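Engineer: Residue numbers (the numbering used here): 46 to 340. Every residue gets a Cβ at the ideal spot worked out from N, C-alpha and C, and that includes glycine. This one's a predicted model, so the numbers in the text were calculated from it and none came from an experiment.
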Amino acid sequence: MKKSLVADMTLLLISIIWGSGFVATQILLDAGISPFYMMGFRFLIAGVSLGVIFFKRIKKMEKKDILGGFLVGILLYLAFGAQTVGLQYTTPSKNAFLTGVNVVVVPFLYWAVTHKKPDKYAFIAVGICFLGTTFLSTGNNMSFGYGEFLSLLCAFIFAGHIVSNGHFVDKTGPFILCFLQMVFASIFSFITAFSLETLPPVIPTQTWLAIFYVGIVTTMLAFFLQTWAQSHTTSTKTAIILSTEAVFGTLFSVFLLGELLTFNMIIGGIAIFIAIITAETKWNFLKFKRKTVKI
């Protein structure tokens, strides 16, 4: 099996994990864990886990690797900050859908950085994906408030994170880059939390379990897999596949939190699926080559 296909399937798995993360984050917010303390804990747990597991590789990092980790880490911190705070003012499904808009931004940002123009199928795919995200984000409620604005802002920052991650991973390596961005994102999150928020005096065991879930599964595991996968596929395909987290976020939200599944959500999910097929296959399976028969 080609590494590019394995990378794409890995990105789809990440989308499923991140889809569950929207629900877990909402549960933590409802439990009284403020956004930046939550981010600080999740990135700290992820960073420590990576440091322990890949210590032999990480100890070989050089000074030049720190700059890349710092830049990717601060983008990760800003993106999650906008997403997590936005989740306090909107539903998990709308938060997930609007975050998926990064798929529209990535090809153009990647084009500006590398001067490599995406092919026509990538442009068609992001257009379809944007249409799908529009359907998904509106649902039956057409309002666009503070929570929706922060969720959309998160999408633009995540686009920058995807492109910068793809740029630095070849220079730094997936193990070191993933570790460094978690460390820096944790530092920025705790600085913000100490300045603006108050931690609950007592945190129940169930809440700690949820914190460790978002720290180890939806953060450490998911971002390590993303960093590895991006070394074997393009930033545009990464953004398109990861946009399916909106679909999985909706499904988890419907089944676990009781959100209403609307007609617009179904149409939007189908559109995103078509976008993925377009980017992945370029519809080659519909093209039949004429065979020449020798007599």
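1) On the three-pair Cβ rule with 8 Å, is the region 279 to 299 touching the region 112 to 125?
2) Cα separation between G177 and G211?
3) Return the residue from the list P163, I72, T179 that minimises the CA-CA distance to I315.
4) May I ask you to verify whether the region 64 to 83 touches the region 227 to 241, counting CB pairs closer than 8 Å and requiring at least 3?
5) I340 to N329, Cα distance in whole Å?
6) Would you call the CB atoms of I221 and I103 closer than 8 Å?
7) Using the C-alpha atoms, what's the distance from E107 back to S240?
8) Buried or exposed, going by whether 16 or more other CB atoms sit within 10 Å of the CB of W253?
9) Just how far apart, CA to CA, sit F100 and L270?
10) Using the C-alpha atoms, what's the distance from T264 back to V93?
11) F300: buried (16+ other C-beta within 10 angstroms of its C-beta) or exposed?
12) How is P245 classed by DSSP in three states: helix, strand or coil?
13) What's the gap between the Cα of P249 and the Cα of G77?
14) Should Y122 go down as buried or exposed, given a rule of 16 or more other Cβ atoms within 10 Å for buried?
15) Between C199 and T272, is the Cβ-Cβ spacing less than 8 Å?
16) Indicate whether A127 and I202 have their beta-carbon atoms separated by less than 8 Å.
17) Sorted by chain position, which residues of the same chain lie with C-beta nearer than 6 Å to A204's C-beta, five sequence neighbours on each side aside?
18) Could you name the residues of the same chain whose beta carbon sits closer than 7 Å to that of G96, not counting the 5 residues immediately before and after it, in chain order?
19) Please state if the CB of I61 and the CB of I173 are separated by a distance shorter than 8 Å.
20) How far does the alpha helix (DSSP H) with W253 in it reach, from first residue to last?
21) Where does G305 fall in DSSP's three states?
22) Could you have a look at M106 and say whether DSSP puts it in helix, strand or coil?
23) Could you have a look at V146 and say whether DSSP puts it in helix, strand or coil?
Structural biologist: Based on what the coordinates show:
1) Touching, no.
2) Spanning the two alpha carbons is a distance of roughly 25 Å.
3) Measuring C-alpha to C-alpha distances from I315 to each of P163, I72, T179 identifies T179 as the nearest.
4) Counting Cβ pairs under 8 Å, three or more are found: they touch.
5) Any reading at I340 is ruled out, since the residue's pLDDT is 47, under 50, leaving its predicted position unreliable.
6) With respect to the 8 Å criterion, I221 and I103 are classified as neighbours on the basis of their beta carbons.
7) Their backbone Cα atoms lie some 32 Å apart in a straight line.
8) Exposed.
9) One alpha carbon belongs to F100, the other to L270, and they sit about 17 Å apart.
10) Rounded to whole angstroms, V93 to T264 spans 12 Å at the Cα level.
11) With fewer than 16 Cβ atoms within 10 Å of its Cβ, F300 is classed as exposed.
12) DSSP, read as helix, strand or coil, puts P245 in coil.
13) Distance between the alpha carbons of P249 and G77 is about 11 Å.
14) By the neighbour-count definition (other C-beta atoms within 10 Å, threshold 16), Y122 is a buried residue.
15) No, the Cβ-Cβ distance between C199 and T272 is not below 8 Å.
16) In contact: A127 and I202 (Cβ atoms closer than 8 Å).
17) Closer than 6 Å at the Cβ level, and outside the excluded window around A204, lie N147, V150, V151, L154.
18) If you ignore the 5 residues before and after G96, its C-beta comes within less than 7 Å of the C-beta of I103, F224, all in its own chain and listed in chain order.
19) No, the Cβ-Cβ distance between I173 and I61 is not below 8 Å.
20) Note, W253: alpha helix (DSSP H), 250 to 257.
21) Note that residue 305 is Leu in the sequence shown, not Gly. Assigned with DSSP and collapsed to three states, L305 falls in coil, not helix or strand.
22) M106: coil per DSSP, three-state reduction.
23) It is coil, neither helix nor strand.
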